[in-house]
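Below: one structure, written as structure tokens.
Protein chains in written order, with this note's numbering: chain A, 24 to 288; chain B, 1068 to 1276.
This is the structure we're talking about:
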């Protein structure tokens, strides 16, 4: 490593974290362009940072909402801004006034360009009223309401299906990973069992082969011995027979010689 | 009047300019200080993903991270009136989260924590399976992530916290020094030492995986 590298090597991680002054950065880049070791070091840091980025954010398992205890409602009520108290007071006064009006059977009817107010008694009928408003088409209204309800139900179902498919997809990806692990474990076990089975079978075959060969050899040896004995016996018999024939021949020749001699005499 | 929580969840809020978003956050904080749980839960919606993933990378266990995240938000809600509104809410929330995680890490017995999360894989067993086209890339990515998590787990809690805040929460050194009360030089020292250790432990990983 060249001299001066120690100084520059300490600056390399600072380069990636934006912790170098511009002049220091330029000096470092200049050094790296001519120093293979420091260039490799820079590449190594770059890879490390890339690997760190691979551990990206994961989706939330759920929301982490806070649900305060019920007594908190009263607590928050007591802490409202003053304007809210004024508004609530006004609302209470209005509600009381409406209640009193209902009790006193106050009636208000619009007529011509003004209003008739009566207390306790029905407001008398005045001049003929304006033409009645046209009748509401209840059938059309009902159809519109039903259509709106159907549309809402359809949207809810679609949303439910989307959520269900997404959850199913996530469940399947998790199951696939788990199934893969289970399958890998099962495959390993089967492989080990098969290997053991093959080994023991090979041993057994060898043992049987050894036994067979030994037996065969013993049999062949015994037969050979028997055959040799039989051949020997035959040869002996032949020898005896030959000797006997030889004796007979000798005897015949002796007799013939005796006869020949007697004729000569 | 405030919306119900369901509408808070379902409404699609458009992106807002930085100033408007901060102003909205300050409004929620003010309402939360008056005890408005719905306003506080809007803050939860905004920050829960970051806080959960901070806890997950520090604790390496989904269940423990979820528990820690819930405790962070509960603690924040209970102490919201102590939050000085001249400070940054993110700094305050991160401080609660980091302290919570470091406290949990210190309670663990010594040694590397092995998660029971199903994302952890025994690469030896899985590697025996013949790779399929559709899963090979996912397998390699998950292998890399598992090794990075194991390497991070070998760091001390304070080092892990600094790395998390710098790399994953994208904070400046000064912001980190506010969250983990320590001198700036100490923060930098922890970060560079941790990075050096990770570089040596992850050195055998191939580029591009």
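Glycine included, each C-beta is placed from N, C-alpha and C at the ideal position.
Predicted, not measured: the structure shown is a model, and the values here were computed from it.
Requested in this report: Select from 1141(B), 1150(B) and 1264(B) the residue whose C-alpha is nearest the C-alpha of residue 1167(B).
Outcome: By 1-based counting over the second chain, the position of residue 1167(B) is 100. Checking every option, the nearest Cα to that of residue 1167(B) belongs to 1141(B).
Query raised in the report: For the stretch 1136-1150 of chain B against the stretch 1114-1122 of chain B, are there 3 or more C-beta pairs whose distance is under 8 Å?
Result: yes
Query raised in the report: Could you give the distance in angstroms between the alpha-carbon of residue 1135(B) and the alpha-carbon of residue 1175(B)?
Result: Taking the first residue of the second chain as position 1, residue 1135(B) is located at position 68. Taking the first residue of the second chain as position 1, residue 1175(B) is located at position 108. Approximately 14 Å, taken between the alpha carbons.
Query raised in the report: residue 1094(B) to residue 1144(B), Cα distance in whole Å?
Result: Along the second chain, one-based indexing puts residue 1094(B) at 27. Along the second chain, one-based indexing puts residue 1144(B) at 77. Approximately 15 Å, taken between the alpha carbons.
Query raised in the report: residue 1114(B) to residue 36(A), Cα distance in whole Å?
Result: On the second chain, position 47 is the one that residue 1114(B) refers to. On the first chain, position 13 is the one that residue 36(A) refers to. Between residue 1114(B) and residue 36(A), the C-alpha separation is close to 30 Å.
Query raised in the report: Does any C-beta atom of chain B lie closer than 8 Å to the C-beta of residue 218(A)?
Result: Here the question's residue 218(A) lines up with position 195 in the first chain. Chain B places no beta carbon closer than 8 Å to that of residue 218(A), leaving this residue out of the contacts.
Query raised in the report: Measuring CA to CA, which of 1154(B), 1146(B) and 1098(B) is closest to residue 1242(B)?
Result: Counting from 1 along the second chain, the entry for residue 1242(B) is found at position 175. Closest option to residue 1242(B), Cα to Cα, is 1154(B).
Query raised in the report: Exposed or buried, what is residue 1132(B) when buried is set at 16 or more other beta-carbons lying within 10 Å of its beta-carbon?
Result: Here residue 1132(B) refers to the residue found at position 65 when the second chain is read from its first residue. It counts as buried.
Query raised in the report: Quick one: Cα of residue 1194(B) to Cα of residue 1219(B), how far?
Result: Taking the first residue of the second chain as position 1, residue 1194(B) is located at position 127. Taking the first residue of the second chain as position 1, residue 1219(B) is located at position 152. Caution is warranted here: a pLDDT of 45 is assigned to residue 1194(B), below 50, making its placement in the model unreliable, and no coordinate value can be reported.
Query raised in the report: If we cut at 8 Å on Cβ distances, does residue 71(A) have a partner in chain B?
Result: Here residue 71(A) is taken as the residue at index 48 of the first chain, counted from 1. Interface residue, yes.
Query - Distance, residue 1103(B) Cα to residue 112(A) Cα - result: Translated into positions along the first chain, residue 112(A) becomes position 89. Translated into positions along the second chain, residue 1103(B) becomes position 36. Put simply, the backbone Cα of residue 112(A) is about 22 Å away from that of residue 1103(B).
Report task. Could you pull out every residue in the same chain whose Cβ sits closer than 6 Å to the Cβ of residue 1098(B), ignoring the five residues on either side in sequence? Result -> Against the second chain, residue 1098(B) aligns to sequence position 31. Within the same chain, residue 1098(B) has close Cβ partners 1106.
Requested in this report: Quick one: grab the DSSP three-state call for residue 53(A).
Outcome: Counting from 1 along the first chain, the entry for residue 53(A) is found at position 30. Helix, per DSSP.
Query raised in the report: Is it a yes or a no for the stretch 1243-1254 of chain B touching the stretch 1207-1216 of chain B, going by three-plus beta-carbon pairs under 8 Å?
Result: no
Requested in this report: Keeping to the same chain, check which residues put their C-beta closer than 6 Å to that of residue 102(A); ignore five residues upstream and five downstream.
Outcome: For the purposes of this step, residue 102(A) is taken as residue 79 along the first chain, with counting starting at 1. Since pLDDT at residue 102(A) reaches only 49, below the 50 mark, its modelled position is unreliable, and the value read off the structure follows with that caveat. For residue 102(A), where only same-chain residues beyond five positions count, there are no Cβ hits under 6 Å.
Requested in this report: Mind checking the stretch 1258-1273 of chain B against chain A and listing, in chain order, the residues whose C-beta falls within less than 8 Å of any C-beta there?
Outcome: Of all residues in the stretch 1258-1273 of chain B, 1258, 1259, 1262, 1263, 1265, 1266, 1269, 1270 and 1272 have a Cβ within less than 8 Å of some Cβ in chain A.
Report task. Determine the extent of the alpha helix (DSSP H) in which residue 1146(B) is found, giving its start and end residues. Result -> Position 79 of the second chain, counted from the start, is the residue given in the question as residue 1146(B). Note, residue 1146(B): premise wrong, no alpha helix (DSSP H); not H, not E.
Requested in this report: Using a Cβ-Cβ cut-off of 8 Å, state whether residue 1115(B) counts as contacting chain A.
Outcome: Here residue 1115(B) corresponds to residue number 48 of the second chain, with the count starting at 1. With 8 Å as the cut-off, residue 1115(B) counts as an interface residue toward chain A.
Query - Contact under 8 Å by Cβ, residue 1222(B) with residue 74(A) - result: Translated into the one-based positions of the second chain, residue 1222(B) becomes position 155. Translated into the one-based positions of the first chain, residue 74(A) becomes position 51. Their beta carbons are not under 8 Å apart, which means residue 1222(B) does not touch residue 74(A) by this criterion.
Report task. Can you pull the chain D residues whose beta carbon is under 8 Å from the beta carbon of residue 1136(B), in chain order? Result -> Note that chain D does not occur in the displayed structure, where the protein chains are A and B.
Query raised in the report: Taking just the CA atoms, how far does residue 78(A) sit from residue 1217(B)?
Result: Here residue 1217(B) refers to the residue found at position 150 when the second chain is read from its first residue. Here residue 78(A) refers to the residue found at position 55 when the first chain is read from its first residue. Taking the straight line joining both Cα atoms gives about 11 Å.
**Report entry** Helix, strand or coil at residue 1224(B) [DSSP, three-state]
**Finding:** The residue you call residue 1224(B) lines up with position 157 of the second chain. Three-state DSSP puts residue 1224(B) in a helix.
Query raised in the report: Mind checking whether residue 1224(B) and residue 1257(B) have CB atoms under 8 Å apart?
Result: Within the second chain, residue 1224(B) is the residue found at index 157, counting from 1. Within the second chain, residue 1257(B) is the residue found at index 190, counting from 1. No; because the gap between Cβ atoms is not below 8 Å, this pair is not in contact.
Query raised in the report: Do you know how far the Cα of residue 48(A) is from the Cα of residue 91(A)?
Result: In the first chain, counting from the first residue as 1, residue 91(A) sits at position 68. In the first chain, counting from the first residue as 1, residue 48(A) sits at position 25. Rounded to the nearest angstrom, the two C-alpha atoms are 53 Å apart.
Query raised in the report: Quick one: what's got a C-beta closer than 6 Å to residue 1150(B)'s C-beta in the same chain, skipping five residues either side?
Result: Along the second chain, read from residue 1 onward, the residue named residue 1150(B) stands at position 83. Exclusion of the five residues before and after residue 1150(B) leaves 1159 as the residues of its chain whose Cβ lies within less than 6 Å of its Cβ.
Query raised in the report: In or out: residue 268(A) buried (at least 16 other Cβ within 10 Å) or exposed?
Result: Residue numbering aside, residue 268(A) sits at position 245 when the first chain is read from its first letter. Residue 268(A) comes out exposed.
Query raised in the report: Do you know whose CA, among 1267(B), 1122(B), 1111(B) and 1123(B), lies nearest residue 1147(B)'s CA?
Result: Along the second chain, one-based indexing puts residue 1147(B) at 80. Comparing Cα-Cα distances from residue 1147(B) to each of 1267(B), 1122(B), 1111(B) and 1123(B), the minimum goes to 1111(B).
Query raised in the report: Does the ligand FMN have a heavy atom nearer than 7 Å to the CB of residue 1255(B)?
Result: Ligands displayed in this structure: none; no statement on the ligand FMN is therefore possible.
Query raised in the report: Does residue 1195(B) get closer than 8 Å to chain A when you measure Cβ to Cβ?
Result: Translated into the one-based positions of the second chain, residue 1195(B) becomes position 128. Below a pLDDT of 50, predicted positions are generally treated as unreliable, and residue 1195(B), at 46, falls in that range; the measurement from the model is reported next regardless. Interface residue, yes.
Query raised in the report: Beta carbon of residue 55(A), beta carbon of residue 62(A): below 8 Å?
Result: Here residue 55(A) is taken as the residue at index 32 of the first chain, counted from 1. Here residue 62(A) is taken as the residue at index 39 of the first chain, counted from 1. Against a cut-off of 8 Å, the Cβ pair of residue 62(A) and residue 55(A) comes out as a contact.
Report task. For residue 240(A), count neighbouring C-beta atoms within 10 Å of its own C-beta (all shown protein chains included) and say buried if the count is 16 or more, exposed if not. Result -> Position 217 of the first chain holds residue 240(A). Burial call: exposed.
**Report entry** Sub-8 Å separation of residue 1235(B) and residue 1162(B) beta-carbons
**Finding:** Position 168 of the second chain, counting from 1, holds the residue named residue 1235(B). Position 95 of the second chain, counting from 1, holds the residue named residue 1162(B). No, Cβ-Cβ distance for residue 1235(B) and residue 1162(B) is not below 8 Å.
Query raised in the report: Straight-line CA distance for residue 220(A) to residue 244(A)?
Result: Taking the first residue of the first chain as position 1, residue 220(A) is located at position 197. Taking the first residue of the first chain as position 1, residue 244(A) is located at position 221. One C-alpha to the other measures close to 36 Å.
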